[in-house]
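Okay, here's the thing in structure tokens:
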């Protein structure tokens with residue numbers, strides 16, 4: 001095995017864990033925090049919960065909420081200005097991947113200067129970031145535990161992947177109670193995003209036993225709990241999805257992802273589609289494409305999907321992918337690219353933009369843009 | 381599930397990883413380091429490897445090596461004096477559990493003052509410690525990733541358990557090449573210590589899915605690789621034991637241990653026996669004692685030991701423990717307490733000292749000293 005790294009934040013996990021936020025901020029020396037969130041979290045009441053708690057603990061709070069789904073470069077720069085003007089010393093990100101990635105971008109610009117575009121790719125961040133605490137409100141992005149940050153370059157219309165050890169926050173507070181207020185569509189999209197994180201990172205060229213064990217935990221928990229989380233909003237099932245998302249984040253942060261995410265970033269930059277809705281469409285097709293390069297690992301995934309059975313790796317891999325496709329169809333989400341894109345004229349451009357994405361490097365099977373086009377056509 | 385924490389250091393793992401030490405120390409702001417190790421590591425040449433590397437990178441190095449197996453309170457205080465006198469700013473611990481626990485103790489006293497005995501128990505360390513980097517030379521203690529520190533109180537003749545989040549180092553550099561120079565006895569004792577960490581923490585009252593996945597990874601890897609690591613010193617098998625020890629450390633640091641370690645600490649404080657040689661004797665007896673409180677989890681462990689088979693939890697649990705006992709006998713280590721103790725007159729005292737150990741709290745079945753005496757008698 002090659003030399004490998006495994007770095008995660010301190011994780012505080014459980015229903016009600018949000019109550020430890022001020023204590024954690026104090027531990028990091030906070031006196032004035034910048035809270036980054038979005039209108040959805042405001043409406044659900046969680047922004048007020050946090051503001052009240054910070055106030056009770058005499059922590060000054062500046063608030064930034066100009067965050068889109070697929071956050072934009074100019075939003076990061078505007079937030080960094082607020083960080084500086086407010087004299088903040090700790091950044092708190094509350095939300096799905098978008099507010100948390102915005103918070104990461106703000107931290108980068110506040111401490112390193114420049115434009116967020118300067119940091120695209122791996123290991124471009126040179127100066128230490130301000131202390132960060134993240135509180136995820138979806139069970140999907142995993143951004144609260146990872147060294148990834150995704151921001152849209154509005155001029156090039158592409159989602160930039162920024163990867164750095166320093167993007168791992170100090171503390172991630174994961175409170176499954178925040179999931180209860182989510183829509184069905186957001187729960188499905190988030191859970192399948194987490195499943196894609198787990199599967200892509202399990203198959204990654206940089207996977208290690210430390211990441212593989214977390215990836216397999218995530219795969220099992222999502223397959224066992226997504227259905228009942230959707231049907232009954234069972235708090236225990238939602239908690240399991242939260243555990244899965246966190247475990248998948250620990251895995252992909254350290255092992256990287258694959259071409260499913262390269263294509264999702266490229267599609268998201270061009271068409272502003274909800275990130276998690278791309279994976280039910282692409283994941284099975286990409287698993288078929290990758291199988292030749294990682295047959296025995298694909299069989300392990302097949303075994304998780306199908307349960308234990310005595311058959312060859314080939315059959316386990318193939319039948320696992322087919323069953324996954326059936327499961328996705330059962331969730332009532334789009335399963336063809338044509339269902340979410342206006343037309344297929346942009347596909348060549350999408351695929352060419354996806355090749356240099358940082359996630360392509362760790363894909364188990366090498367690709368060029370024509371391979372990606374073949375995948376998109378198979379998924380059309 | 382209750383609110384749980386999962387905190388580990390940044391882990392750099394792999395053959396040759398030791399070459400990153402100076403770079404890591406630089407990242408933590410080091411100019412003058414205190415290196416803590418012992419004569420065994422000196423003889424194996426590793427201390428010189430590190431001193432040379434630090435010198436090449438213009439890092440001043442003070443060196444402390446007055447470390448016993450079962451390190452002593454006065455050794456910690458002497459090392460803390462050297463830390464201060466040498467003007468060190470980063471502590472590097474190189475070795476098995478003993479030099480690393482000594483390094484932790486030095487870090488506590490250097491930053492918090494007082495006597496090491498003042499910090500016995502959980503969460504008694506109030507001020508931040510100096511940056512720490514640990515390089516384990518055995519695949520067993522896991523101390524390089526954990527929030528545990530074990531130091532012997534020479535007056536009371538007891539191994540004190542000190543637990544604090546701040547004892548997790550900044551970075552753990554795990555290089556399986558260091559294992560090649562170990563004796564057969566040390567490899568067995570270390571691996572069975574790691575196995576005890578994995579099993580006890582898997583059964584702990586504070587176990588979470590994050591710790592359980594690492595514990596099960598460790599159990600599988602040790603059972604699959606210990607035999608060939610001993611027979612052939614196969615570097616791949618030694619690497620797997622290293623992964624297992626690290627994974628077990630991640631698990632027990634966050635989930636805690638059980639009465640096997642309470643008794644091992646008590647025995648080690650009184651008789652100075654090699655810690656890892658206590659577990660092959662006590663672990664199966666304690667697993668039998670605990671089964672009533674955690675039958676289905678004991679069956680999961682049984683399944684790992686025996687491989688998949690269709691039978692009841694009761695039978696899996698029972699047959700797994702019996703098979704583990706047979707495996708230990710095959711390794712040629714002592715399997716009865718009478719083989720390692722001079723007589724049985726001290727047992728009552730040993731058991732009374734073990735009850736207040738921090739590891740007793742997380743044992744799945746509550747105990748008093750008479751329960752522990754029953755276990756020691758069954759293992760006599």
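Residue numbers (the numbering used here), protein chains in the order written: chain A, 1 to 380; chain B, 381 to 760.
No residue lacks a Cβ here, since even glycine has one placed at the ideal position from N, Cα and C.
Using only the alpha-carbon positions, how far apart do residue i and residue j sit?
i, j, result
"residue 324 of chain A", "residue 364 of chain A", "20 Å"
"residue 560 of chain B", "residue 25 of chain A", "44 Å"
"residue 245 of chain A", "residue 141 of chain A", "7 Å"
"residue 601 of chain B", "residue 62 of chain A", "49 Å"
"residue 274 of chain A", "residue 233 of chain A", "22 Å"
"residue 85 of chain A", "residue 151 of chain A", "22 Å"
"residue 203 of chain A", "residue 281 of chain A", "18 Å"
"residue 329 of chain A", "residue 354 of chain A", "26 Å"
"residue 205 of chain A", "residue 658 of chain B", "40 Å"
"residue 592 of chain B", "residue 712 of chain B", "29 Å"
"residue 60 of chain A", "residue 674 of chain B", "47 Å"
"residue 12 of chain A", "residue 311 of chain A", "41 Å"
"residue 589 of chain B", "residue 241 of chain A", "12 Å"
"residue 426 of chain B", "residue 723 of chain B", "38 Å"
"residue 260 of chain A", "residue 286 of chain A", "7 Å"
"residue 742 of chain B", "residue 635 of chain B", "8 Å"
"residue 108 of chain A", "residue 386 of chain B", "26 Å"
"residue 517 of chain B", "residue 455 of chain B", "20 Å"
"residue 630 of chain B", "residue 515 of chain B", "15 Å"
"residue 197 of chain A", "residue 359 of chain A", "11 Å"
"residue 356 of chain A", "residue 568 of chain B", "48 Å"
Looking at the C-beta of residue i, does it have a partner C-beta in chain A at a distance below 8 Å?
i, result
"residue 384 of chain B", "yes"
"residue 785 of chain B", "What is shown of chain B runs 381 to 760, which leaves residue 785 of chain B out entirely."
Taking the beta strand (DSSP E) that residue i belongs to, which residues open and close that run?
i, result
"residue 581 of chain B", "Segment 564-583 is the alpha helix (DSSP H) holding residue 581 of chain B; no beta strand (DSSP E) there."
"residue 146 of chain A", "Careful: residue 146 of chain A lies outside any beta strand (DSSP E) and carries neither H nor E."
"residue 540 of chain B", "538-543"
Counting contacts by CB-CB distance shorter than 8 Å, is residue i in contact with chain B?
i, result
"residue 217 of chain A", "yes"
"residue 17 of chain A", "yes"
In terms of residues, what are the limits of the alpha helix (DSSP H) holding residue i?
i, result
"residue 463 of chain B", "453-465"
"residue 516 of chain B", "Here residue 516 of chain B belongs to no alpha helix (DSSP H); instead the beta strand (DSSP E) covers 512-516."
"residue 638 of chain B", "First-last for residue 638 of chain B: undefined, no H or E at that position."
"residue 732 of chain B", "727-734"
"residue 506 of chain B", "Counting along the chain, residue 506 of chain B falls outside any alpha helix (DSSP H), and DSSP gives it neither H nor E."
"residue 24 of chain A", "21-27"
"residue 302 of chain A", "295-306"
"residue 287 of chain A", "279-290"
"residue 155 of chain A", "Element bounds for residue 155 of chain A: n/a, residue is neither H nor E."
"residue 432 of chain B", "426-436"
"residue 380 of chain A", "Counting along the chain, residue 380 of chain A falls outside any alpha helix (DSSP H), and DSSP gives it neither H nor E."
"residue 423 of chain B", "419-423"
"residue 693 of chain B", "693-710"
"residue 211 of chain A", "209-232"
Run through chain B and tell me which residues come within less than 7 Å of residue i, C-beta to C-beta.
i, result
"residue 14 of chain A", "381, 382, 383 and 384"
So which residues of chain B does residue i contact, with C-beta pairs closer than 9 Å?
i, result
"residue 243 of chain A", "381, 588, 589 and 590"
"residue 10 of chain A", "385, 386, 387, 388, 545 and 548"
Interface residues of chain A around residue i at Cβ under 9 Å?
i, result
"residue 593 of chain B", "213, 214, 216, 217 and 247"
By DSSP's criteria, residue i is part of a beta bridge. Which residues make up the other side?
i, result
"residue 442 of chain B", "B/414"
"residue 390 of chain B", "B/551"
"residue 474 of chain B", "B/515"
"residue 385 of chain B", "A/12"
"residue 362 of chain B", "Because chain B here runs from 381 to 760, residue 362 of chain B falls outside it and cannot be looked at."
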